[in-house]
Amino acid sequence: MERPLCHYCQRPGHFIRDCRTRMRDSEQRPRQAGNNQASSSGSPSAQRALVPYQAPSNDVRNHHSFGGNGGGSNGGYGGGYGGSGDYENYQRPWSSDYNDRNGKVEKMWSWMAEEIEERQRLKREKEENKRKEEEERRRAEAEEKRLAEIKDKDEFKASIGKMVETQMHSVCEEVLGKKGSQGEQPVLPTTIEIRRRTASTEAEGKTISESDSLLAKDEEIARLKQAVADMQRLSRQPQVVQQEQELTALRLDNQHLIQDVICLKEQVGELVKLTKSGGSAVVVGMTSAKEKGKAIHTPTAGDYVKLSDAYRRLRDDRDMAEREVQDLKERINRISSSRGTPASAKRKRIMRKSISPPSNLRIRLSKAGSPVTAGGSGNGTHEGLKFVKLRNETRDDFNKRVCAELSKLKKKDIERLCAEEQLEYATIGSSAAVIADVYTNRAFGKVSDGTKQPEDSKHRMTWLAAAIGTRMRKLRLAIARVCHRELVNYAIWL
1 MERPLCHYCQ
11 RPGHFIRDCR
21 TRMRDSEQRP
31 RQAGNNQASS
41 SGSPSAQRAL
51 VPYQAPSNDV
61 RNHHSFGGNG
71 GGSNGGYGGG
81 YGGSGDYENY
91 QRPWSSDYND
101 RNGKVEKMWS
111 WMAEEIEERQ
121 RLKREKEENK
131 RKEEEERRRA
141 EAEEKRLAEI
151 KDKDEFKASI
161 GKMVETQMHS
171 VCEEVLGKKG
181 SQGEQPVLPT
191 TIEIRRRTAS
201 TEAEGKTISE
211 SDSLLAKDEE
221 IARLKQAVAD
231 MQRLSRQPQV
241 VQQEQELTAL
251 RLDNQHLIQD
261 VICLKEQVGE
271 LVKLTKSGGS
281 AVVVGMTSAK
291 EKGKAIHTPT
301 AGDYVKLSDA
311 YRRLRDDRDM
321 AEREVQDLKE
331 RINRISSSRG
341 TPASAKRKRI
351 MRKSISPPSN
361 LRIRLSKAGS
371 PVTAGGSGNG
381 THEGLKFVKL
391 RNETRDDFNK
401 RVCAELSKLK
411 KKDIERLCAE
421 EQLEYATIGS
431 SAAVIADVYT
441 NRAFGKVSDG
451 TKQPEDSKHR
461 MTWLAAAIGT
471 RMRKLRLAIA
481 RVCHRELVNY
491 AIWL
């Protein structure tokens, strides 16, 4: 953003309404005008004039652009801003006094700034010198303290050495039986001997360490050679290694089988405990066999493996049957949900029934029925129920129409039609689809194996799925009973 520029003094930083130079000039003009009037009153031409004489001002801003004589803001002739005009626009004076004054102010300000900066510099220098002196003093104190500690240590060592030397002198005098001089050093030969033995010990240690490192290197080389030989031997005999791996895998499998057999045996034991009836018979049979001296067959590991395999196969078959039943149920639910009647249609049907009198499907079919054409018709044995093939009606359209009409019948009617056609009833929709297929085959003939079946065969598949689900439920119950009976017999046999 640009700084404002004053159009009076031509300096940035303020507007003309805030210019101090203009305000100062406007205050000085009335005083200058009064002084000029007083000085000009003594002239003869001014005394004879009707209007007091006013000397021309040197101010270039006094120009007569507006008004006439008098009418200024001071109430007299020529007493306005600038002399003889009303509210004139003031112009910037072209004298050099203002520039000189501003230059003086700037010089004064720069001098004061230099003085302040010099004072701050001196203050910083004093603080820096003071800080350096403090650091030097602390460093000198630390050095003196360190030297004093070193001196104390040296004095302590010297005192200890002197005391030890005195003690050694006394000991030597007692041992040798002669008094030694104070300047002798009897400890010197002993010290030399100790140093010699220490040097020999270090040399022996170095030789021992070198021999140990050589032995370790020899052992590492021997180990690497043995590893290379083993690798070569294994590469020459891959079949032996493979056989060993297979043997290890078989051993692991055998262990797993043994664990499975143990678990199965525990389950059989639990089933034996749960079977209340037959427990006494088991005990009596075992005691009678022992009394008669009959040989008791002891099961082997192979028998346990066969039993576990049979149990696994039975369990897998049961799981597969359950999955198939679940898939069929899901498929039936999807088909039934896609064929379900919307709620709006049900409401419309209820409203229609409540308004119009009830209608009978058999009556409507009998009224709408026409004589059977030469192509044949699907005519059920149910009395009054008849489906006629219309003109230009295809097989799919006929099947859909018959299936839709049969789906509107009641459950007992569908069951009766299934009994007449020797079919098994599952649900209304699936049974109606199967019956519609039967009627379509009668009307149009059966579809050969080479031709493509219509899309409505899904209804027959739905019925088959429901029938399979019913059969699988019965089969599942029978399988459970057989498994329980076999496990009980095996427990008794054990």
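Residues in the sequence shown are numbered from 1 upward in steps of one, following UniProt numbering. By construction, the Cβ of each residue, glycine as well, lies at the ideal position given by its N, Cα and C atoms. Note that the structure is predicted; figures quoted are calculated from it, not measured.
| Asked | Found |
| --- | --- |
| Can you give me the start and stop residues for the alpha helix (DSSP H) that Leu417 sits inside? | Lys411 to Glu420 |
| Can you find a C-beta in chain C that's less than 9 angstroms from the C-beta of Pro12? | Absent from the structure: chain C. Only one protein chain is present. |
| Rounded to whole angstroms, what's the CA-CA distance from Ile262 to Arg312? Just pull it up for me. | 15 angstroms |
| Bridge partners of Leu5, per DSSP? | Pro12 |
| Tell whether a beta-carbon distance below 9 angstroms holds between Phe387 and Phe444. | no |
| Can you tell me whether Gly34 is buried or exposed, with buried defined as 16 or more other CB within 10 angstroms of its CB? | exposed |
| Rounding to the nearest angstrom, what Cα-Cα distance links Glu415 and Asp396 in this structure? | 24 angstroms |
| Do the region 406-423 and the region 308-326 make contact, defined as three or more Cβ pairs closer than 8 angstroms? | no |
| Cα separation between Glu27 and Gln120? | 41 angstroms |
| Do you know offhand how far Asn102's Cα is from Glu114's? | 18 angstroms |
| Does Glu434 pass the burial test, meaning 16 or more other C-beta atoms within 10 Å, or should it be called exposed? | Looking at the sequence itself, residue 434 is Val, so the reference to Glu does not match. Burial call: buried. |
| Buried or exposed, going by whether 16 or more other CB atoms sit within 10 Å of the CB of Arg29? | buried |
| Are Ala310 and Ile258 close, meaning C-beta to C-beta below 9 angstroms? | no |
| Roughly how many whole angstroms lie between the Cα atoms of Ile116 and Glu134? | 27 angstroms |
| Roughly how many angstroms separate the alpha carbons of Gln327 and Asp319, rounded to a whole number? | The identity of residue 327 in the sequence shown is Asp, whereas the question assumes Gln. Going from the Cα of Asp327 to the Cα of Asp319 covers about 12 angstroms. |
| Do the CB positions of Tyr439 and Ser431 come within less than 9 angstroms of each other? | no |
| Alpha carbon to alpha carbon, what distance is there between Asn392 and Ala436? | 19 angstroms |
| Within 10 angstroms of its Cβ, does Lys389 collect 16 or more other Cβ (buried), or is it exposed? | buried |
| For Thr394 and Glu330, what's the separation of their Cα atoms in angstroms? | 31 angstroms |
| Does the separation of the CB atoms of Leu271 and Leu307 fall below 9 angstroms? | no |
| Assign Ala426 to one of three DSSP states: helix, strand, or coil. | coil |
| Just to confirm before moving on: does the CB-CB distance between Gly428 and Ala321 stay below 9 angstroms? | Residue 428 is actually Ile in this sequence, not Gly. It is not a contact, given that the beta carbons lie outside the stated cut-off. |
| Just tell me which of Pro4, Ile150 and Cys19 has its CA closest to the CA of Gly13. | Pro4 |
| Does the beta-carbon distance from Leu406 to Leu417 come in below 9 angstroms? | yes |
| Can you look up Thr201 in the DSSP assignment and give me helix, strand or coil? | helix |
| Helix, strand or coil for Thr300, going by three-state DSSP, please let me know. | coil |
| Nearest-angstrom Cα distance between Lys153 and Glu118? | 52 angstroms |
| Take the Cβ of Ile150 as the centre, count every other Cβ of all protein chains shown within 10 Å, and call the residue buried at 16 or more, exposed below. | exposed |
| Reducing DSSP to helix, strand and coil, say where Asn399 ends up. | helix |
| Can you say whether Val105 is buried or exposed, counting buried as having 16 or more other CB atoms within 10 angstroms of its CB? | exposed |
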